[in-house]
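Okay, structure first, notes after.
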Amino acid sequence: MTVDLPPDADIKLSASVSSSDPLLCNVELPLRAIFYPLGFAVEIATNTQAILDMAEESWGHFRQRHTRPTLQFRITVTEGGSAECPPAPSVRAQQYLLAIVADADNQALCDLKVGVASAWLSYSSLQHRSYLRYHFIEAVALLLLSTSYVTAIHAACVSLHGRGMLLCGDSGAGKSSLAYACARAGWTYTSDDASYLLSNANPPRVIGNSHQIRFRPSAKDLFPELHGRSLTPRAEGKPSIEVPISDLADIDTSDEAQINYIIFLNRQPSAISTLVPVSRTRASQRFFQALYPVKEIREVQASALQHLLNSEIYELRYRDLHHAINRLEQLARDRGTGLV
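Each residue of the sequence shown is one higher than the one before, counting from 141 in the numbering used here.
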């Protein structure tokens, strides 16, 4: 999505490269606000109101739930830049330093040890609001959070009768579509394909952004209400349809859920919907390969995952959403034990 910026655009850019400050070290960032993504405090300092407006769009519905030290995110908007939407960024890291680089004018650097990040974005890129929100504003804040206070899990989360399920699988396995289909059927929706496991929570609990859902374009074939929705550039060039949950009828939501089951999705054209138990060893191999590869961070994340792996773990083999939901409803109703 693009937006037309008004001529005055509430931005007075002092962030132009000059001989006195070629590194932009001393650019004033007078605008500050604290937001609460996932319920944790993140302070953003910037030189344009447009950045704070984007952060408000992403996290304005979150309130503080956890009293941990505030993470710091400084965003400098510089003059110029191409009017074209920047490419999907590359991500590289060395120990605690992690860089997100789209091009020469749009990049970020995170210090994961101290919970501080800086980004430099071009004035022209402000036209591509959804792109900046997804690739920089949200991505940087969630990186800081997921190496400080939570562990990121590539999984959707829904609940029924107070019993939460993580829907796991590779990209394209159908996590978001099944989560939304469950929500349409009366389940409580917490997240689409990104859930965040709280450290030291027993029983395990995850937090998600229950106020939006992102679909693959092919989901239009499953859900007619998605027709006419615009696409958002995503990581690795994969487009998505981003929909506020408030635009969808009768969806019950919760930002946080207790996890009782881990479900690995295996969609097959001829499958009969069935649940097959999965060993903790196999599940841990799937989860642990995604941990951040620095010892101190990895150990904290691994400890949180060990608690999560006390949940019941299954592989759901299914052909269509209707039969998958019926099988998961039976699991929640029967409380799982001994079900195959």
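For every residue, glycine included, the Cβ atom is placed at its ideal position computed from N, Cα and C.
The region 273-290 and the region 407-426 do not touch, with fewer than three beta-carbon pairs separated by less than 8 Å. Contact between the region 389-403 and the region 252-262 is absent: fewer than three C-beta pairs spanning the two stretches fall below 8 Å. Assigned with DSSP and collapsed to three states, Leu-284 falls in helix. Three or more beta-carbon pairs separated by less than 8 Å link the region 325-337 to the region 274-293, which places the two stretches in contact.
Cβ-Cβ distances below 6 Å link Ala-323 to Tyr-329, Ile-391 in the same chain, with the five nearest sequence neighbours on each side left out; the list follows chain order. As summarised for the region 250-305, the continuous beta strand (DSSP E) elements at least 3 residues long and confined to that stretch are 256-262, 290-293, 295-300, given in chain order. Residue state for Arg-473 is assigned as helix, using DSSP reduced to three classes.
Taking 9 Å as the cut-off, the beta carbon of Arg-345 is found closer than this to the beta carbon of Ile-399. The C-beta distance from Ser-258 to Leu-249 rounds to 6 Å, short enough to meet the 8 Å contact threshold. Straight across, the Cα-Cα distance linking Arg-303 with Pro-170 is about 45 Å.
The Cβ atoms of Val-217 and Ile-191 sit closer than 9 Å to each other.
Counting only runs of 4+ residues, no alpha helix (DSSP H) is found wholly inside the region 356-399. The Cβ-Cβ distance between Gly-326 and Glu-396 does not fall below 9 Å. Spanning the alpha carbons of Ser-443 and Leu-283 requires a straight line of approximately 18 Å. Pairing Val-182 with Leu-266 gives a Cβ-Cβ distance that is not under 9 Å.
Looking at the backbone, the Cα of Glu-382 and that of Glu-196 are separated by about 16 Å. In this structure, DSSP gives Arg-438 a helical state, which the three-state scheme calls helix.
In the DSSP annotation of this structure, the continuous segment of the beta strand (DSSP E) that includes Tyr-329 starts and ends at 328-331. The closest CA to that of Arg-205, considering only Gly-179, Phe-213, Pro-229, is found on Gly-179. Under DSSP, Pro-209 forms no beta bridge with any residue. DSSP places Glu-455 in the strand class (E or B) of the three-state scheme.
Thr-218 has Ser-262 as its beta-bridge partners, per DSSP. Taking a contact as a CB-CB distance under 8 Å, the pair Ala-279 and Ile-240 counts as one, their CB atoms being some 7 Å apart.
With 16 or more other Cβ atoms from the protein chains shown falling within 10 Å of its own Cβ, Arg-457 counts as buried. Straight across, the Cα-Cα distance linking Ala-233 with Pro-433 is about 10 Å.
Using a Cβ distance threshold of 9 Å, Ala-313 and Arg-407 count as a contacting pair.
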